[in-house]
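First the structure, in the form of structure tokens, and then the observations on it.
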Amino acid sequence: MTPSFRETFPNLSMIKPLIFLGNNYCWDSPFSIRNDDSVTALLDAILFYQIHSSTTSIEWCYEISDKAIEDINNILNHEMDEIEKRGYLFLKLIIGTKPLELSISCGQEAEAYHWIHKATSSDYDQNNRYNSVYSFVPLYQSGDIESLGTKSLFLLPRWLSYVFITAREYNLSPELANILANYFFDVLINLYRNSKKKYSPLVGDIAFAIAAIVAWAMSCDHENTEIWTQDALTIWNDPCFPDAFRPSLATIFITEAYVFTRKTSQEWAKYIIKNYGEHFREHEKLQFLIASIGSYSDWVLLKNEIIQEIKNVVGIYEYSGDIGANVPYSKEYRASLLRPLIHFLVKEKDLHSIIDVMSAWYKNPTSTQCDDNVLFICPGLDNGLSILWIGGCWGHIFDKNEGHHRVKEHLSKATGMWIDPENPLSYNKSKEWTPDHSKGNALEEEMTKYYLSRDLFRKLKIIEKPRSLLIFPSLSDPIQALLYRDTSLCLPIEISLSEPKNDRRINRISIWAGETFYTHFETEIIEDFGKKYGISVSIFLPKNGGTKEDFVEFYQQPDIDILWVIGHGEFVHDEPQRCGIVIMSDDKKNSQLLPMDDLALVEKNTLDRRLLILNICSGAATQGMSGLSRMGIGPSLVDSHQAVIAHLWPSTPSLSLAFGALFASNINKNSSFMNIFSRTLQEMRDCNNIITNIESRLGKDLRCKFRLENDMEDFKSILSWGSPVFMT
Numbered sequence: 000m001t002p003s004f005r006e007t008f009p010n011l012s013m014i015k016p017l018i019f020l021g022n023n024y025c026w027d028s029p030f031s032i033r034n035d036d037s038v039t040a041l042l043d044a045i046l047f048y049q050i051h052s053s054t055t056s057i058e059w060c061y062e063i064s065d066k067a068i069e070d071i072n073n074i075l076n077h078e079m080d081e082i083e084k085r086g087y088l089f090l091k092l093i094i095g096t097k098p099l100e101l102s103i104s105c106g107q108e109a110e111a112y113h114w115i116h117k118a119t120s121s122d123y124d125q126n127n128r129y130n131s132v133y134s135f136v137p138l139y140q141s142g143d144i145e146s147l148g149t150k151s152l153f154l155l156p157r158w159l160s161y162v163f164i165t166a167r168e169y170n171l172s173p174e175l176a177n178i179l180a181n182y183f184f185d186v187l188i189n190l191y192r193n194s195k196k197k198y199s200p201l202v203g204d205i206a207f208a209i210a211a212i213v214a215w216a217m218s219c220d221h222e223n224t225e226i227w228t229q230d231a232l233t234i235w236n237d238p239c240f241p242d243a244f245r246p247s248l249a250t251i252f253i254t255e256a257y258v259f260t261r262k263t264s265q266e267w268a269k270y271i272i273k274n275y276g277e278h279f280r281e282h283e284k285l286q287f288l289i290a291s292i293g294s295y296s297d298w299v300l301l302k303n304e305i306i307q308e309i310k311n312v313v314g315i316y317e318y319s320g321d322i323g324a325n326v327p328y329s330k331e332y333r334a335s336l337l338r339p340l341i342h343f344l345v346k347e348k349d350l351h352s353i354i355d356v357m358s359a360w361y362k363n364p365t366s367t368q369c370d371d372n373v374l375f376i377c378p379g380l381d382n383g384l385s386i387l388w389i390g391g392c393w394g395h396i397f398d399k400n401e402g403h404h405r406v407k408e409h410l411s412k413a414t415g416m417w418i419d420p421e422n423p424l425s426y427n428k429s430k431e432w433t434p435d436h437s438k439g440n441a442l443e444e445e446m447t448k449y450y451l452s453r454d455l456f457r458k459l460k461i462i463e464k465p466r467s468l469l470i471f472p473s474l475s476d477p478i479q480a481l482l483y484r485d486t487s488l489c490l491p492i493e494i495s496l497s498e499p500k501n502d503r504r505i506n507r508i509s510i511w512a513g514e515t516f517y518t519h520f521e522t523e524i525i526e527d528f529g530k531k532y533g534i535s536v537s538i539f540l541p542k543n544g545g546t547k548e549d550f551v552e553f554y555q556q557p558d559i560d561i562l563w564v565i566g567h568g569e570f571v572h573d574e575p576q577r578c579g580i581v582i583m584s585d586d587k588k589n590s591q592l593l594p595m596d597d598l599a600l601v602e603k604n605t606l607d608r609r610l611l612i613l614n615i616c617s618g619a620a621t622q623g624m625s626g627l628s629r630m631g632i633g634p635s636l637v638d639s640h641q642a643v644i645a646h647l648w649p650s651t652p653s654l655s656l657a658f659g660a661l662f663a664s665n666i667n668k669n670s671s672f673m674n675i676f677s678r679t680l681q682e683m684r685d686c687n688n689i690i691t692n693i694e695s696r697l698g699k700d701l702r703c704k705f706r707l708e709n710d711m712e713d714f715k716s717i718l719s720w721g722s723p724v725f726m727t
């Protein structure tokens, strides 16, 4: 007897609200993978609800897709003939394409990684950071179920585009990416050759997919890059290839792949702008304008047009939030467009233009652009390091076996993020972003070699004090603390690119006393120093028992000079939807996550600049993509009206207590926020005197001193004294 839809897809059929099937089918109607009508009814329903939910609730789209694939994996565990098995594999790929697209548009790196594997593997475990799983993507062939095979083939180019965006920007398994590229590139070429309607959307998807694969190949120096570029060039030279898709395909030729053609990247860019500019999509005009710059005179000529186009592209991303996209992520992901221009301007020593470009992309349009008195650090440029200041430009180039990748490796090892290429299965997910203070010395040593070479150190020692420190692309490296260790430069990290308002005079401090082991100690110390220095200190009392709405009320207090948050921060670097401040109820029984994206939209009721102290875990951590990385709890809250102090990674209770107590002890009504922070940072490094310094100012013994003494050895590590940062 033929099973029903409900019996075949039990998990999917239990979703609320229930998916309604089309074509007069219901969940108790018979379902057969070989019956085109029943398959079409199922697919039409799933795809309809995927698209509908993508504009209302992305999580529901994920749930629908997850349950359907879970049911299919269960079906595949049973005996069936090869045609039916391939039919279900086609079905998985079709169902998995929309959530993959959504996860990329919403900045959910982990979800994108998951959906690639979910659509192609039956033994993938998304709880593991590293997976060695069997993945299979079926290709439609004679004898297959036609409705599924042709639909899968039609979606394949789009799916491959998303896969290789993920492979290039994230950490998709190189082995899997290599297998897919080697197999499917020729498939794409043949798909194009066999396309009878050259103006069909399929041809455009093929062009996007080919460009994505070649861009990935260039990024990893793939052995087939030249061959694939030549194949793309053959399509380009086809007179039947539609003009509408030429700019998308030509993005290949403005990368380093131009060496496999007869034009330079600048010649390609200028040719496309002149002949096919009317067909540019989204960011393509900006991409080609930047690629057309071959000399500084080109930049001078094009600067105003490029700055305006940057603003136009940002405007597109701002409106994309209306259709469910994550706006900060969209901007951050596409910030890679600016990288070649920024690198060009660094080499030209044009710091003013760098600020102009980055401000056009990142700055709040209602604020005033900051000046160019910044110390600009560009790690990884030409395998080395460039440091730029209005008084000069210095670079230190390392050989290919050294450089910033050594710093990244040691930071990964010190924070539990290292995957050993020789033994990837040894990775322990439970240790992610957990500082190992015993590895701090090795990290500090590598950072010193890279950032403070003897030549650079001498120059940094004699420069006048810049206003701030601008790092592009942003990193998790504790650069602020390292520079201050050996120089007089304790500089706020530039995030807003806006001229800061005047600091408020410190008269009132409000504390959000979230639940931690040492909350009572920290609040007591802040209150004691408040009394000593004549500063009003109040603990905010939630009206609703400790909810997200209570925190928003705390955050919007208009007459507070320092907002001081004690509690827990949640940061998952590849899942921005899971990043935010954990709000614990008064009875300690329930907790809510206030997402960083929601908090970033809350208005600040202040005309001057106040200080927000996030003495929580990972308040300064960012997604670490290709740009200024505002994708973090603290960084997303920085603007001209608010400076933020937070930790780069999870902070132990004792470290948070030590920093909070020292900062409170250094508060002075007439000091700037940054001066208080710099004194605190200096004293954090002098860990043997932390307790002495606090007690001498307090005028009595610290009640919690034994808590700090127990972890004094950890305080010696750069993972401790380099953890807090000041952002402007």
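For the sequence shown, numbering that gives the first Met the number 0 begins at 0 and goes up steadily by one. Backbone N, C-alpha and C define an ideal beta-carbon position, used for all residues, glycine too. Just so it is clear, the structure is predicted and the values come from calculations on it, not from any experiment.
Separation of K603 and Y532 (C-alpha to C-alpha, rounded to the nearest whole angstrom) is 26 Å. The straight-line gap separating the alpha-carbon atoms of I462 and L482 is approximately 13 Å.
Shown here for R245: same chain residues with a beta carbon closer than 6 Å to its own, the five before and five after excluded, namely Y275 in chain order. Closest in alpha carbon position to Y191, among A619, Q125 and L152, is L152.
In the three-state reduction of the DSSP assignment, W114 falls in the helix class, which pools H, G and I. The three-state secondary structure of R503, taken from DSSP, is coil. Counting only runs of at least 4 residues, the stretch 560-628 fully encloses the following alpha helix (DSSP H) elements, listed from N- to C-terminal order: 595-599.
For V643, the uninterrupted beta strand (DSSP E) segment begins and ends at Q641 to H646. Shown here, L481 sits in a helix according to DSSP, grouped into three states. Taken through DSSP and simplified to helix, strand or coil, D370 comes out as coil. Just measuring C-alpha positions, the residue of S617, D65 and E83 sitting nearest E110 is D65.
Within the model, the alpha-carbon separation for H436 versus S722 is close to 11 Å. Ranked by Cα distance from A166, the first of Y139, I115, D204 and Q125 is I115. Residues of the same chain with a CB within less than 6 Å of the CB of I18, apart from the 5 flanking positions on each side, are A44 and Y48 in chain order. Per DSSP, reduced to three states, the secondary structure at I341 is helical. One thing to note: A619 has its Cβ within 7 Å of the Cβ of A645.
In this structure Q229 is not in contact with F183, their Cβ atoms being roughly 17 Å apart against a cut-off of 8 Å. Exclusion of the five residues before and after T605 leaves H640 as the residues of its chain whose Cβ lies within less than 6 Å of its Cβ. P652 places its beta carbon less than 7 Å from that of Y517. Sixteen is the threshold: when 16 or more other Cβ atoms of the shown chains lie within 10 Å of the Cβ of E283, as they do, the residue is buried. Restricting attention to E174, F163 and M0, the CA atom closest to the CA of I103 is found in F163. Contact check between the stretch 441-452 and the stretch 469-485: three or more CB pairs, one atom from each, fall below 8 Å, which counts as touching. M357 sits in a helix when the DSSP states are folded into three classes. A Cβ-Cβ contact shorter than 7 Å links L718 with A413.
Boundaries of the alpha helix (DSSP H) around W227: T224 to W235. As computed with DSSP, D638 is found in a beta bridge with Q641.
In the three-state scheme derived from DSSP, where H, G and I count as helix and E and B as strand, S247 is classed as helix.
Runs of the alpha helix (DSSP H) lying entirely within the stretch 668-699 and spanning at least 4 residues, in chain order: 672-684 and 689-697. Taking C-beta atoms as the reference points, K91 and I63 fail to come closer than 7 Å.
Secondary structure at L469: strand, using DSSP grouped into helix, strand and coil. Taking a contact as a CB-CB distance under 8 Å, the pair M630 and P339 does not count as one, their CB atoms being some 21 Å apart.
Here the alpha carbons of Q307 and D297 stand approximately 16 Å from one another. In the DSSP assignment, F725 falls outside any alpha helix (DSSP H) and within the unbroken beta strand (DSSP E) covering P723 to M726.
Positions of the alpha helix (DSSP H) runs, each at least 4 residues long and wholly inside the stretch 273-325, are given as 283-290 and 295-319 in order along the chain.
Residue pairing by DSSP places L451 in no beta bridge whatsoever.
Look at V202 here: in three-state DSSP terms it is helix.
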